[in-house]
Structures are given as C-alpha cells and as structure tokens.
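Accompanying notes for the structure given below.
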Amino acid sequence: MAQNSGTPSGQATQSGSSTERRIPETRTGGSPARLADETSQGKTTIAASVVQKIAGIAAREVSGVYAMGGGVSRAFGALRDRIPGGSGTSSTSGVQVEVGEKQAAVDLDIVVEYGASIVDLSRAVRRNVITAVERMTGLDVIEVNIVVNDIHLPSEDEEEASQPAPSRVE
1 MAQNSGTPSG
11 QATQSGSSTE
21 RRIPETRTGG
31 SPARLADETS
41 QGKTTIAASV
51 VQKIAGIAAR
61 EVSGVYAMGG
71 GVSRAFGALR
81 DRIPGGSGTS
91 STSGVQVEVG
101 EKQAAVDLDI
111 VVEYGASIVD
121 LSRAVRRNVI
131 TAVERMTGLD
141 VIEVNIVVND
151 IHLPSEDEEE
161 ASQPAPSRVE
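37 is the number that the UniProt record's numbering gives to position 37 of the sequence shown; each next residue is one higher, with no gaps.
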C-alpha cells in the first residue's frame, strides 16, 4: 500500500520496503524534465526539448520530407534565415512532444516532396522517429502522429531561384 510522502512532486514511497514507487505527475504540473533512469548511483532526467529535437532531426533524415512545420512556423523560419546572426532553421519547428516519466508521444507537421508516397513516407518517418527517440533516451514512444500540411512542387524551387535577391545596402 502506498502512502503519500508529502513531496511536492507527487512521489510516494512504498511502506515496508526500501524501494520507491513513483506515481506519475500530471502532464501540466511539474518540470519539463522527466525521469529517464534512476539507480542507486543517481538519476537521469531528459528535458522535453531534447526529445523534441531528436524527433525533428530523425524526421528530416527521411528522404521525401521537404520541410517541417505549418505555414506560420515555416514563415518565421524563413524570416529567421534572413536576419544576420539568426539561428537558421530550428530543428524543433513542426515538432510537438508530450513526455512522461517512461513514455513519449510525438506530433509532427511535415511538407512532402511531390511524387513521394505519403503513406510510405509517413511509415518511414514514424519508424525513424521511434527508433531514434527510444535508442537515445530509453523512453517508450507510444505514438507518432503525422500531419502533412503541404506538398512541395519542383517548380517552386525554379521560381525562387529565378528571382534575384534584393540588395541589402543602398
């Protein structure tokens, strides 16, 4: 039988035993860093932003994914690219994660290259994201939801290349 230990994180200890049993915190409460490993030598926590970055990089590795994010996040990314000293394209654009103590769920917004099979591409992205997150964090990925927001046409690249870049100085 578990008794509340009165800790602010909602942890409980099992009475009559030296082992601790963790009661999950609510997703809205607590810190963004979650327990990934706890041993007698210490514990390891992984921030949700780390899982978000891993998932974003893994999704971009799949051939056929042109870009990540919806129209608004891509517009901000393009604006960031033009600002001197800007960080460039964010590896977390189009990636939302929900991380618990032992599990993670990932939501991706992607733009697909024209001609790619969306069904096959989404399977490949899902498999690559699950493999990368589970291998690097030890968390169990319970779902990867993918939303295809747009299809990139090759003619769009030609239009952008034919327009000269505006001069930054007078």
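For glycine and all other residues, C-beta sits at the position ideal for the given N, C-alpha and C.
Rounded separation between residue 144 and residue 169 - CA only: Straight-line Cα distance between these residues: approximately 46 Å.
Burial state of residue 155 (16 or more Cβ within 10 Å): Exposed, because fewer than 16 other Cβ atoms sit within 10 Å of the Cβ of residue 155.
Range covered by the alpha helix (DSSP H) that runs through residue 59: From DSSP, the alpha helix (DSSP H) with residue 59 extends over 48-60.
The beta strand (DSSP E) enclosing residue 113, as first and last residue numbers: Looking at the DSSP string, the run of the beta strand (DSSP E) that includes residue 113 is 103-113.
Under the three-state DSSP convention, the category residue 169 falls into: Residue 169 falls in the coil class under three-state DSSP.
Where residue 152 falls: helix, strand or coil (DSSP): Strand.
Residue 44, DSSP secondary structure in three states: Looking at residue 44 - three-state DSSP - the assignment turns out to be strand.
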